[in-house]
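Student: Top to bottom, those sequences are chains C and L.
If you count the first sequence from 1, position 27 lands on 141 in the numbering used here, and the numbers rise without skipping.
If you count the second sequence from 1, position 43 lands on 157 in the numbering used here, and the numbers rise without skipping.
For every residue, glycine included, the Cβ atom is placed at its ideal position computed from N, Cα and C.
There are 2 protein chains.
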Amino acid sequence: MAQPNADPSSIDFAALNLLRVVHELGSFTAAAEKLNINQSAVSYTIAKLRACFHDPLFVREGGRQVSTDRCEEILARSLQMLGMLDEMLQPDAFDPGSATQNVTIACNYYERVLLIPALVSAIRREAPGMTVKVINALGDGHLRLLNREADVLVGPFARSESGFHSRRLYAEEYACLMDAAHPLADTALDIDSYLGLNHVLIDYGGGWQSAYLRELEAAGHRIAPVVIAPSPAGLATLIVESDLVATVPRRLGEWNSDRLKIADCPFPGRFDVSLVWAAHTNASAMHRWLRELIWRISRP
Amino acid sequence: MAQPNADPSSIDFAALNLLRVVHELGSFTAAAEKLNINQSAVSYTIAKLRACFHDPLFVREGGRQVSTDRCEEILARSLQMLGMLDEMLQPDAFDPGSATQNVTIACNYYERVLLIPALVSAIRREAPGMTVKVINALGDGHLRLLNREADVLVGPFARSESGFHSRRLYAEEYACLMDAAHPLADTALDIDSYLGLNHVLIDYGGGWQSAYLRELEAAGHRIAPVVIAPSPAGLATLIVESDLVATVPRRLGEWNSDRLKIADCPFPGRFDVSLVWAAHTNASAMHRWLRELIWRISRP
DNA sequence: GGTATTCATCGAATTTTTCGATGGCAGGTA
DNA sequence: TACCTGCCATCGAAAAATTCGATGAATACC
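#1: What is the rounded straight-line gap between the Cα of R373/C and the Cα of V246/C?
#2: Measure the C-alpha to C-alpha separation of S280/C and L199/L and round it to an integer number of angstroms.
#3: For the structure I just gave you, are there three or more beta carbon pairs, one from the stretch 350-363 of chain L and one from the stretch 136-154 of chain C, closer than 8 Å?
#4: Select from A220/L, A251/L and S307/L the residue whose C-alpha is nearest the C-alpha of D378/L.
#5: Would G253/L pass as a contact of E175/C if the rule is Cβ separation under 8 Å?
#6: So, is the C-beta of M198/C closer than 8 Å to a C-beta in chain L?
#7: Going along the chain, which unbroken runs of the alpha helix (DSSP H) with 4 or more residues stay wholly within the stretch 352-398 of chain L?
#8: Looking at the structure shown, is N312/L part of a helix, part of a strand, or coil, going by DSSP?
#9: Can you say whether P297/L is buried or exposed, counting buried as having 16 or more other CB atoms within 10 angstroms of its CB?
#10: What residues match up with C166/C in a beta bridge as DSSP calls it?
#11: Taking all protein chains shown into account, decide if G243/L is buried (16 or more other Cβ within 10 angstroms of its Cβ) or exposed.
#12: Does A272/L pass the burial test, meaning 16 or more other C-beta atoms within 10 Å, or should it be called exposed?
#13: Closer than 9 Å by beta-carbon distance: list the chain C residues that pair up with R134/L, in chain order.
#14: In the DSSP assignment, what residue or residues form a beta bridge with C221/L?
#15: Using a Cβ-Cβ cut-off of 8 Å, state whether V217/C counts as contacting chain L.
#16: Is it the case that the Cβ atoms of D293/L and S356/L are separated by a distance below 8 Å?
#17: So is H137/C in contact with chain L if we call contact Cβ pairs under 8 Å?
#18: Who does M292/C pair with in a DSSP beta bridge?
#19: Any chance the stretch 313-323 of chain L sits against the stretch 340-355 of chain L, with 3 or more Cβ pairs inside 8 Å?
#20: What does D183/L reach in chain C if we use C-beta pairs closer than 9 Å?
#21: Since Q117/C meets chain L, which of its residues come closer than 8 Å, beta carbon to beta carbon?
#22: Comparing the C-beta of L203/C with each C-beta of chain L, is any distance below 8 Å?
#23: Give the DSSP bridge partners of L245/L, in chain order.
#24: Do V359/C and L291/C have their CB atoms nearer than 8 Å?
#25: By how many angstroms is the C-alpha of L228/C removed from the C-alpha of V387/C?
#26: Classify D209/C: buried if its beta carbon has 16 or more other beta carbons within 10 angstroms, exposed otherwise.
#27: Quick one: Cα of Y284/C to Cα of L171/L, how far?
#28: Name the one or two DSSP bridge partners that G235/L has.
#29: For W409/C, does the count of other Cβ atoms within 10 angstroms reach 16, so buried, or fall short, so exposed?
#30: How would you list, in chain order, the residues of chain L whose beta-carbon sits under 7 Å from the beta-carbon of I188/C?
#31: Are the C-beta of V180/C and some C-beta of chain L separated by less than 8 Å?
#32: Could you give the distance in angstroms between the alpha-carbon of V202/C and the alpha-carbon of A220/L?
#33: Taking Cβ-Cβ distances shorter than 8 Å, what residues in chain L pair up with L149/C?
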């Protein structure tokens with residue numbers, strides 16, 4: 115049977131609770147019954163605590179086990195600790211209605227225009243106390259996640275490394291945006307006529323290359339842009355009443371389509387828009403809620 | 115090998131410390147080395163914590179184990195708890211110089227006169243911040259100890275019931291106190307001359323009977339007191355220049371012996387003056403100090 | 001004085017934890 | 001690409017800790 119382990123770090127919460135019950139009942143036997151264990155198990159654990167704290171903790175005085183002063187001190191802290199354990203065990207609850215946290219979303223122009231407005235509105239409706247921050251994902255959105263600068267990343271980012279999870283929101287492709295009066299506005303664009311257009315090229319910089327360009331270059335072609343812009347902002351104004359053509363994600367084109375026309379692109383550069391998050395936020399209730407919300411608002 | 119125990123109360127402080135070390139080092143293997151245990155033991159304990167908290171706690175992100183938000187919360191409380199454990203383990207230290215506690219001593223007239231002055235002076239010298247309270251022990255000093263009304267009991271109380279400890283301070287006996295001019299002041303008192311004296315009887319009440327009286331009555335005698343007093347206070351004034359004789363503990367007589375004479379009593383009713391304390395104070399540093407102090411000042 | 005409780009202790013049984021070895025996975029390197 | 005290498009999960013066996021039921025000693029209660 116051997117002596118109980120006198121190493122204090124081997125004390126567990128069951129032992130602290132046992133101390134509490136023995137103190138409450140003033141009896142080892144009664145405590146054993148209450149805890150549904152054998153009386154000798156109570157003796158064993160008390161012996162262990164006695165060895166750890168170098169104090170008898172309980173002494174018999176007229177039929178009752180009475181606690182020493184030291185025991186009272188230890189018990190006071192034990193009660194605190196048992197309370198803290200209960201708090202720790204509390205499942206990670208998240209109540210949108212009362213939450214006041216901040217969420218940070220990393221994304222780029224496309225998502226800011228097409229997803230963020232609906233997302234912000236949904237967050238404000240479901241969680242009025244929360245604040246939203248949007249930061250540029252650029253090409254290194256994954257780093258933002260790792261550095262905890264962002265809670266989620268939305269965009270055309272395939273899940274690559276480990277340490278991340280992702281969920282595909284929807285498929286997207288590139289299409290050609292041009293003035294409704296453009297000569298080729300109502301024809302089907304073949305490769306040659308496409309390549310010969312007066313292109314507006316969106317170059318986000320930072321080494322990012324749009325999928326349709328990769329597809330086009332992989333097929334051995336090249337386009338000579340007439341205008342290069344750093345983002346699609348103001349693109350509609352640029353194209354309207356001109357002979358310029360921009361190749362942009364289809365939904366972005368549709369968003370601009372008041373006086374413009376959208377045509378299929380021979381190099382559609384299909385890609386997935388995904389929601390990406392760091393593994394360390396995977397189990398968090400708030401993050402699960404946020405991801406579900408993003409999924410919902412991204413449904414067509 | 116079986117699954118780890120998912121009962122939260124089986125979590126011990128070693129597990130919380132392991133959590134701390136893993137968090138600090140970002141690696142199970144490194145934590146195992148630091149803690150001088152096998153890596154699989156670390157995995158085992160982390161698996162247990164994961165099961166208890168229903169959270170992965172650590173996820174691999176780019177070669178490093180990164181903590182989840184939940185893990186951070188749990189860790190924060192764990193650190194607090196580890197701190198509290200350290201406090202609890204602190205041996206029950208007592209520093210007289212800085213102590214500000216109160217000590218309560220239960221005793222009766224005899225000890226208040228013969229021991230308390232020296233004790234109070236010793237306490238004031240060694241522990242200037244402490245306060246002393248003296249309460250009457252009467253006949254039920256043991257109850258005062260059990261009720262925590264007194265820290266120690268000093269007096270002619272044999273250790274009787276369990277739940278108490280005691281230490282014999284010294285032996286005492288009764289002697290006869292009379293005026294130095296009393297006719298029998300210089301003769302040896304035999305039983306008959308003793309019984310025929312004009313006795314002053316101290317009757318403390320409460321059923322307490324002095325040892326010499328028990329001895330005398332056990333021998334089939336009886337005395338007819340001339341004066342009955344409830345305590346020896348003022349006894350000297352009463353006896354001086356009178357033919358009265360009081361039978362009192364010898365040291366009490368000596369304390370009064372300015373103009374009085376002490377004679378051996380044929381019924382010395384020897385008894386021990388003891389220090390008695392409740393078992394629940396046995397291990398307390400303050401109480402040990404107090405008891406040692408009382409022992410010292412009671413040396414002749 | 002006898003009887004019933006209560007806690008400590010014993011040996012055996014059980015459970016938990018640790019160990020050493022192995023396998024899968026991801027990262028870094030040739 | 002393909003191979004190492006380091007890291008964690010898992011396995012079976014071994015060790016350690018805990019629990020059990022029984023018994024003994026001390027004490028409270030008749």
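Tutor: In short, the structure shows the following:
#1: Near 33 Å, if we compare the C-alpha coordinates of V246/C and R373/C.
#2: 42 Å
#3: no
#4: Closest option to D378/L, judged by alpha-carbon separation, among A220/L, A251/L and S307/L: S307/L.
#5: By the CB criterion at 8 Å, G253/L and E175/C fall outside the cutoff.
#6: yes
#7: 364-369
#8: strand
#9: exposed
#10: In the DSSP output, where bridge partners are listed per residue, C166/C has none listed.
#11: exposed
#12: So A272/L ends up on the exposed side.
#13: The contacting residues do not exist; R134/L stays about 11 Å from chain C at best.
#14: In the DSSP output, where bridge partners are listed per residue, C221/L has N250/L.
#15: no
#16: The answer is yes: Cβ separation under 8 Å.
#17: So no, H137/C is outside the interface.
#18: V359/C and K375/C
#19: Here the stretch 313-323 of chain L makes contact with the stretch 340-355 of chain L; the two share three or more CB pairs at distances below 8 Å.
#20: D206, H394, T395, A397, S398, M400 and H401
#21: Within chain L, no residue comes near Q117/C; the closest Cβ sits about 17 Å away, beyond 8 Å.
#22: yes
#23: According to the sequence displayed, residue 245/L carries Thr and not Leu. Looking at the DSSP assignment, T245/L forms a beta bridge with N216/L.
#24: yes
#25: 11 Å
#26: exposed
#27: The alpha-carbon atoms of Y284/C and L171/L are separated by roughly 31 Å.
#28: Before going further, note that residue 235/L is Ser rather than Gly in the sequence given. Paired residue(s): none; S235/L is not in a bridge.
#29: W409/C is exposed by the Cβ-count criterion.
#30: M202
#31: Interface annotation, V180/C: in contact with chain L, CB-CB separation under 8 Å.
#32: The question names Val, but residue 202/C is Met in the sequence shown. Each residue's alpha carbon lies about 47 Å from the other.
#33: By Cβ distance, chain L contributes nothing, its closest Cβ being about 10 Å from L149/C, past 8 Å.
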